[in-house]
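First comes the structure, then the notes that go with it.
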Amino acid sequence: MPHIFRVLAVFLVVAGAVFWPRSYNEAIPSLSDRVEPWKLTASEALGMIQADEMSVREYAESLLERIKAHDEDIKAWAYLDDKRVLQEARRLDEIPKKNRGPLHGLPIAVKEVIYTKDMPTQFNSPLYEGHFPETDAASVRILRHAGALIFGKTTTTEFAAIHVGPKTRNPHDFLRTPGGSSSGSGAAVADFQVPIALGTQTGGSLIRPASFNGIYGFKPTWNSVSPEGQKIYALMYDTLGWYGRGVDDLILLTDVFDLQDDKDEEHAFKGIEGAHFAICKTSVWSMAGPGTQDALARAADHLRSHGAEVEEIGLPEEFDNAPEWYRIGFHTEGRTSFLPEYRVGKDQMGKS
């Protein structure tokens, strides 16, 4: 397991109770309960497909039944064609084993700001109604080459840019938001409608739905996965990432996208006794909720209990303006990115 995910796992063990609702924990099926394939994690399902214990079509059919039963309540999908999904599943089942990729048959949902040549990409905007890109995004091309089943397109706030979003609901409480802008991807994974989904983030659009829906989300280092073929809000910030229901599921895609730690696994993590950690409470620390503050305090205590040294550090007052610097860059790039749409259809923007 790469070093970054070991650290992530430690934090989730400590902080999981804060953002992982009890009802979600109760919904997690045991491995021995295989009545319905939709209950499987991505890693479990992939293992069964590779072992010929389940066909791609069988898995796809189970997920489609799950979606059919829940879509009216959750509304996670911007585009989903059952016939196309099953046709693609049959095609994947017919591929000889020796020619199969590492993600063979694994269903993956794609946020509707990421290009797909065989499905509409409409950005939740009337300006792009019925828009079919002529090519896949780089990320989608890589996943298809690895054998993934691109399942459908998930809902997003308009252009992944504004707070007024789609009608998607949080699977744990229909009166609450699933978060945005990757609303549908977070909700679909949390509701067991798909095991993995792609999202994007400019200022919180990956980590927010992960937290709100009680699932695992991963935002890689900026530009470590090509953003080619996705609608850009702010090139300096936009990052492609993904959701799963376990750390092992996240690793499946880090391997395919060839993400690497700065240090090799053998030397990067050999225990934390004597290691030095710092908690940096910035000028916006007071804005953190009690759950976040408590989670970090518990994480620090957990590290200390295993022999690590943890200290709190501060930043010089010059850094107090960092949030404002961020907003200036964020909005300046946004104005530039959406200028073409504004010129031809400003009256149709921001109305969703």
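Residues -17 to -1, 1 to 335 in mature numbering (1 follows the signal peptide of the UniProt record, and there is no 0) are what the sequence shown lists, from first letter to last. Just so it is clear, CB atoms sit at the ideal spot from N, CA and C, and this is done for glycine as well.
{"Query": "What does Lys136 pair with, by DSSP beta-bridge criteria?", "Result": "Tyr62 and Val93"}
{"Query": "Could you check whether the segment 203 to 210 touches the segment 168 to 180, counting it as contact only if at least three pairs of C-beta atoms, one from each stretch, sit closer than 8 angstroms?", "Result": "no"}
{"Query": "Thinking Gln105 and Ala59 are a contact (beta carbons under 8 angstroms), I'd like their distance in whole angstroms, please.", "Result": "No, Gln105 and Ala59 are not in contact; Cβ-Cβ is about 15 angstroms, not under 8 angstroms."}
{"Query": "Pair every Cβ in the segment 89 to 109 with every Cβ in the segment 180 to 192, then say whether three or more of these pairs are closer than 8 angstroms.", "Result": "yes"}
{"Query": "Are there three or more Cβ pairs, one per stretch, closer than 8 angstroms when the segment 314 to 327 is compared with the segment 281 to 288?", "Result": "no"}
{"Query": "Gly272: buried (16+ other C-beta within 10 angstroms of its C-beta) or exposed?", "Result": "exposed"}
{"Query": "If you draw a straight line from the alpha carbon of Thr275 to that of Asn82, how long is it in whole angstroms?", "Result": "46 angstroms"}
{"Query": "For Thr118 and Tyr98, I'd like the C-alpha separation in whole angstroms.", "Result": "7 angstroms"}
{"Query": "With which residues is Ala34 paired in a DSSP beta bridge?", "Result": "Ala34 is not bridged to any residue."}
{"Query": "Taking only the alpha-carbon atoms, compute the straight-line gap between Glu71 and Glu294 and give it to the nearest angstrom.", "Result": "53 angstroms"}
{"Query": "Following the continuous alpha helix (DSSP H) through Thr118, name the residue where it begins and the one where it ends.", "Result": "Thr118 -> no alpha helix (DSSP H), and no H or E assigned at all."}
{"Query": "With C-beta atoms as the reference, is Leu235 less than 9 angstroms away from Leu29?", "Result": "yes"}
{"Query": "From Gly328 to Pro103, what distance separates their C-alpha atoms?", "Result": "20 angstroms"}
{"Query": "Looking at the strands, I want to know which residues DSSP matches up with Thr265.", "Result": "Its beta-bridge partners do not exist; DSSP assigns none."}
{"Query": "Kindly list the residues whose CB is nearer than 7 angstroms to the CB of Arg49, restricted to its own chain and excluding five residues on each side of it in sequence; keep chain order.", "Result": "Trp21, Phe175 and Gln176"}
{"Query": "Three Cβ pairs or more, each shorter than 8 angstroms: is that satisfied between the segment 39 to 49 and the segment 151 to 163?", "Result": "no"}
{"Query": "Quick check on the DSSP output: what are the complete alpha helix (DSSP H) runs of length 4 or more inside the segment 150 to 213, in order along the chain?", "Result": "166 to 173 and 190 to 196"}
{"Query": "Below 8 angstroms, can you find three or more Cβ-Cβ pairs linking the segment 125 to 133 to the segment 73 to 90?", "Result": "yes"}
{"Query": "According to DSSP, is Gly317 helix, strand or coil?", "Result": "helix"}
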